[in-house]
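> Mapped onto our numbering, the consecutive letters of the sequence shown carry residue numbers 28 to 194.
Every residue gets a Cβ at the ideal spot worked out from N, C-alpha and C, and that includes glycine.
Model, not experiment: these values are computed from the prediction.
A single structure is presented below for examination.
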Amino acid sequence: MEELKRVVSVPFKKTLASSLSEKDFEYSLAFDLKWFSPKIASKVKEKALEAGVLSLKAGILVPCFDVESIRLPHAFKPSEDFLENQKSSRGKKSVKEEISFEQVLEYISADTGVNRQRLVSEINSMQDRLSYLVDIRIVALIVAKKYGCDIEAVFGKVARSVLGISI
């Protein structure tokens with residue numbers, strides 16, 4: 028997952044953009060950086076969307092993590108078997124995939140543009156009203172819907188994490 032975040036962060040860091048069109052993202056990986064063929068660049072994008080590292084809204088890709096927090100080694104280039112490593116590590120995960128509150132919060136903030144402090148304040152307030160009987164990740168999704176966030180990308184992960192079931 029860390030290498031996937033590194034790969035995904037580079038086009039955003041390179042353009043100093045907080046969002047990119049699908050075409051610009053793939054173009055950057057394939058032609059600017061010359062890391063992948065256009066077909067593989069598209070697969071990288073799909074893998075990042077599946078993993079919840081990127082969100083897609085109206086053809087625009089937004090990272091679901093803090094791009095600036097990703098540190099790249101000097102002359103970073105993904106390994107040749109980059110996509111295979113992503114597949115094998117996914118296969119090793121248990122049925123109950125974990126997604127942290129921080130990851131959910133980062134996704135919501137990136138998707139809605141609402142700052143994290145405001146989101147945390149509202150989530151904590153709702154958590155208090157619910158007498159702390161509901162998992163904080165579920166409460167975060169409720170608040171996300173209030174802001175019009177498309178929670179589809181993280182809903183299944185939260186359900187698996189909290190309930191241990193696939194939805």
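Three-state secondary structure (DSSP) at K84?
DSSP places K84 in strand when its eight states are reduced to three.
> With C-beta atoms as the reference, is V89 less than 8 Å away from D51?
Cβ atoms of V89 and D51: not closer than 8 Å.
> Is the Cβ-Cβ distance between V185 and R164 less than 8 Å?
Contact flag set, yes.
> With a 10 Å radius around its C-beta and 16 neighbouring C-beta atoms as the bar for buried, classify P100 as buried or exposed.
By the neighbour-count rule (16 or more Cβ atoms within 10 Å), P100 is not buried but exposed.
> If we ignore side chains and look at the alpha-carbon of each, how far apart do K120 and G191 end up?
With a pLDDT of only 41 at K120, under the threshold of 50, the placement of this residue in the model should not be trusted; the figure read from the coordinates follows. For K120 and G191, the distance between alpha carbons rounds to 13 Å.
> Am I right that S64 and P38 are in contact with their C-beta atoms under 8 Å? What's the rounded C-beta distance?
With a Cβ gap of about 16 Å, S64 and P38 do not count as contacting.
> Enumerate in chain order the residues of its own chain whose CB-to-CB distance from D93 is below 8 Å, with the five nearest sequence positions on each side excluded.
Excluding residues within five positions, the ones whose Cβ falls inside 8 Å are E133.
> I need the boundaries of the alpha helix (DSSP H) containing I169, first residue and last residue.
Where I169 is concerned, the enclosing alpha helix (DSSP H) stretches over I163 to K173.
> From the DSSP output, which residues share a beta bridge with P90?
In the DSSP output, where bridge partners are listed per residue, P90 has L81.
> Considering Cα atoms alone, identify which of V147, K66 and G183 is closest to E53.
Selected option, being the one with the closest Cα: K66.
> Report the rounded CA-to-CA distance for L157 versus D59, giving the unit in angstroms.
Roughly 50 Å between the two C-alpha positions.
> Look up S152 in the DSSP assignment and give the residues it is bridged to.
Note: S152 sits in no beta bridge, so no partner.
> According to DSSP, is L160 helix, strand or coil?
In the structure shown, L160 sits in coil (DSSP, three-state: anything other than H, G, I, E or B).
> Run through DSSP, which three-state label would L60 get?
L60: coil per DSSP, three-state reduction.
> In whole angstroms, give me the CA-to-CA distance for A57 and M28.
When rounded, the distance between both Cα atoms is 20 Å.
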